[in-house]
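Asker: If you read the sequences in order, they're chains A and B. Counted the way this note's numbering counts, the first sequence spans residues 1 to 214. Counted the way this note's numbering counts, the second sequence spans residues 1001 to 1214. First the structure, which I've put down as structure tokens, then a few questions once you've had a look.
Number of protein chains: 2
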Amino acid sequence: MSRTRIHNFSISLDGFGTGEGLSLDAPFGHAGHRMHQWMFATRFGAGIMGGEGGASGVDDAFAQQHEPGIGAEIMGAGKFGPPCWQDDPDWKGWWGPNPPFHTPTFVLTHRPPSQPLEMEGGTTFHFLDTTPEKALELAKEAAGGQDVRIGGGPTMVRDFIAAGLVDHIHFVQVPILLGRGVRVWDGLEGAEAGYDIETVSSPSGVTHLTFTRS
Amino acid sequence: MSRTRIHNFSISLDGFGTGEGLSLDAPFGHAGHRMHQWMFATRFGAGIMGGEGGASGVDDAFAQQHEPGIGAEIMGAGKFGPPCWQDDPDWKGWWGPNPPFHTPTFVLTHRPPSQPLEMEGGTTFHFLDTTPEKALELAKEAAGGQDVRIGGGPTMVRDFIAAGLVDHIHFVQVPILLGRGVRVWDGLEGAEAGYDIETVSSPSGVTHLTFTRS
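See below:
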């Protein structure tokens, strides 16, 4: 059965999924790249940067789950571009001509461009102004029986969890205190019910949290 | 050298140190006892409840650090009693005639009773309306060269960390989402600097976070 999954989603100790002051020059605001260093140090992370090497321990084992079996992604507007990317007709995402999705990719925004955007390598961005439920329905159809990844940022992750739509969650808690930004946990009282939760601390200093629908 | 330490302080996944709706019948509000079940399952926890047995793995190893070497405790008003305990001249804390502190214990409150309260077993409650710095100075004097424990609740824990007064922090992250209550992390941007942080996940499901002054 097709599952809806979150992978490699970094959060700070104080529960922020991204920093404050997001912009073209600072996609994660004042958080910078501190939230993702654990991933760049893995073989998976090195690979997506076009390099080689990297650690192959527990962080990599988790990171490698990101791609296999995924047939579509849904992301929020804040992941696709800096604030007001909708006003720039040439904006095609952060990832260059060949984005690392290689599947239909649904971008939730209240101001959707009218045309999908077909990129190299199998990624097509579809822009939608709709509910999490409806977006997931469309993404499941597009995934052709495979799983759907919920790609972030924190606001849409929270919305999809609150709506009870996510079967597997992998958060990576990074030992920094951001103090400000967008919280991933707000409004999720009791949302752990119905999940088996595991926490695994890594020698790198991060802690992997997994929630699996029980 | 005398150190200032926090031990066995439970927080929810979403960073709350206590729930909402604290009262005489619900000392932790809607959190109930969920935040402390990990501790009651240990030998340490069984012992403070006057019982025997309990697990002696990693949770107990951490829990047992609570007492040794401590010469005084500082706690917030919210730990000493339910809201407005100051209006009840007979209130002597939650712990009965022989509280589990056995040292001078300083209670921070904006409405301090005028007299200290001497209990059985070596605990004397002193009531203070003062700054974290001044309270720590007094507690260190009273501790006679031993360490001072910062006893909670979350508001005073946050204040003491923000003031840079804490040398060792042990938080226990419990896999529940409280959704509301008092946050322990607020206003602590960058407070991890100057600490070595370790995270250790336990088979019980909790994760131990330690911050040690580097």
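A virtual CB, placed ideally from N, CA and C, is assigned to each residue, including glycine.
Please list, in chain order, all residues of the same chain as P100 (chain A) whose beta carbon is under 7 Å from its beta carbon, the five residues on each side excluded.
Answerer: On the first sequence, residue 100 (chain A) is found 100 positions in, with the first residue counted as 1. Hits under 7 Å: I48.
Asker: Taking 8 Å as the CB-CB cut-off, is V157 (chain A) touching chain B?
Answerer: As a working note, residue 157 (chain A) is residue 157 in the first sequence. Cβ-Cβ to chain B under 8 Å: no for V157 (chain A).
Asker: Measuring only between beta-carbons, confirm whether L22 (chain A) sits less than 8 Å from chain B.
Answerer: As a working mapping, residue 22 (chain A) is identified with position 22 in the first sequence. So no, L22 (chain A) is outside the interface.
Asker: What are the start and end residues of each continuous alpha helix (DSSP H) run of 4 or more residues lying completely inside the segment 1008 to 1046 of chain B, in chain order?
Answerer: Taking only runs of at least 4 residues, the alpha helix (DSSP H) segments lying wholly in the segment 1008 to 1046 of chain B are 1037 to 1040.
Asker: Give every residue of the same chain whose Cβ lies closer than 6 Å to the Cβ of G144 (chain A), excluding the five residues on either side of it in the sequence, and list them in chain order.
Answerer: Position 144 of the first sequence, counted from the start, is the residue given in the question as residue 144 (chain A). Around G144 (chain A): G71.
Asker: What's the gap between the Cα of W91 (chain A) and the Cα of W85 (chain A)?
Answerer: Looking up residue 91 (chain A) in the first sequence gives position 91. Looking up residue 85 (chain A) in the first sequence gives position 85. Their Cα atoms are separated by approximately 6 Å.
Asker: Where does E120 (chain A) sit, in a helix, a strand or coil, going by DSSP?
Answerer: Locating residue 120 (chain A) in the first sequence gives position 120, counting from the first residue. Three-state DSSP puts E120 (chain A) in a helix.
Asker: Under three-state DSSP, which class holds E141 (chain A)?
Answerer: As a working note, residue 141 (chain A) is residue 141 in the first sequence. Note: E141 (chain A) maps to helix in three-state DSSP.
Asker: Ordered along the chain, which non-local residues of its own chain (more than five positions away) have a Cβ less than 8 Å from that of H1066 (chain B)?
Answerer: Translated into positions along the second sequence, residue 1066 (chain B) becomes position 66. Hits under 8 Å: H1007, N1008, F1044 and R1149.
Asker: Could you tell me whether the segment 174 to 194 of chain A touches the segment 1186 to 1198 of chain B, where touching means 3 or more Cβ pairs closer than 8 Å?
Answerer: Counting Cβ pairs under 8 Å, three or more are found: they touch.
Asker: Residues in its own chain within less than 6 Å of F1106 (chain B) by CB, not counting five upstream and five downstream?
Answerer: As a working note, residue 1106 (chain B) is residue 106 in the second sequence. I1074, H1126, L1128, A1135 and A1139.
Asker: Beta carbon of T212 (chain A), beta carbon of D196 (chain A): below 8 Å?
Answerer: Start at 1 with the first residue of the first sequence, and residue 212 (chain A) comes out as number 212. Start at 1 with the first residue of the first sequence, and residue 196 (chain A) comes out as number 196. The answer is yes: Cβ separation under 8 Å.
Asker: Determine the chain B residues that contact E192 (chain A) at a beta-carbon separation under 9 Å, and present them in chain order.
Answerer: The sequence position of residue 192 (chain A) within the first sequence is 192, counting from 1. The answer, in chain order, is L1013, P1175, I1176 and L1177.
Asker: On the CB-based measure, 16 or more other CB atoms within 10 Å of its CB, does L108 (chain A) come out buried or exposed?
Answerer: Reading the first sequence from its first residue, position 108 is the one you call residue 108 (chain A). With 16 or more other Cβ atoms within 10 Å, it is buried.
Asker: When burial is assigned at 16 or more other CB atoms within 10 Å of the CB, is L1022 (chain B) buried or exposed?
Answerer: To locate residue 1022 (chain B), count along the second sequence from 1; it is residue 22. Buried: at least 16 other Cβ atoms inside 10 Å.
Asker: For the ligand ADP, is there a heavy atom less than 7 Å away from the beta-carbon of G71 (chain A)?
Answerer: In the structure shown, the ligand ADP is absent, as is every other ligand, since no ligand is present at all.
Asker: So which residues of chain A does S1201 (chain B) contact, with C-beta pairs closer than 7 Å?
Answerer: Residue mapping note: residue 1201 (chain B) aligns to position 201 of the second sequence, counting from 1. Within 7 Å Cβ-Cβ: T199, V200, S201 and T207.
Asker: On the premise that P1112 (chain B) lies in contact with L1024 (chain B), defined as a C-beta separation below 8 Å, what is that separation, rounded to the nearest angstrom?
Answerer: Locating residue 1024 (chain B) in the second sequence gives position 24, counting from the first residue. Locating residue 1112 (chain B) in the second sequence gives position 112, counting from the first residue. About 20 Å separates the two Cβ atoms, so there is no contact after all.
Asker: In this structure, how does DSSP classify D60 (chain A) when only helix, strand and coil are distinguished?
Answerer: Numbered from 1 along the first sequence, position 60 holds the residue referred to as residue 60 (chain A). Three-state DSSP puts D60 (chain A) in a helix.
Asker: Ignore the nearest five residues each way along the sequence and tell me which others in V1182 (chain B)'s own chain have a CB closer than 7 Å to its CB.
Answerer: Position 182 of the second sequence holds residue 1182 (chain B). Once the five neighbours on either side are set aside, the close Cβ partners of V1182 (chain B) are F1016, G1017, T1018, G1153, P1154 and T1155.
Asker: Can you grab the Cα-Cα spacing for the pair W185 (chain A) / F1062 (chain B), in whole Å?
Answerer: Numbered from 1 along the first sequence, position 185 holds the residue referred to as residue 185 (chain A). Numbered from 1 along the second sequence, position 62 holds the residue referred to as residue 1062 (chain B). Computed Cα separation, rounded: 27 Å.
Asker: List the residues of chain A that D1189 (chain B) touches, going by C-beta distances under 7 Å, in chain order.
Answerer: Stepping through the second sequence from its first residue, residue 1189 (chain B) is reached at position 189. The sequence shown places Glu at residue 1189 (chain B), rather than the Asp named in the question. The answer, in chain order, is L177, L178, G179 and R180.
Asker: With a threshold of 8 Å between beta carbons, is G1185 (chain B) in contact with chain A?
Answerer: Position 185 of the second sequence, counted from the start, is the residue given in the question as residue 1185 (chain B). One point to set straight first is that residue 1185 (chain B) is Trp, not Gly, in the sequence displayed. It does: the Cβ of W1185 (chain B) has a partner Cβ on chain A nearer than 8 Å.
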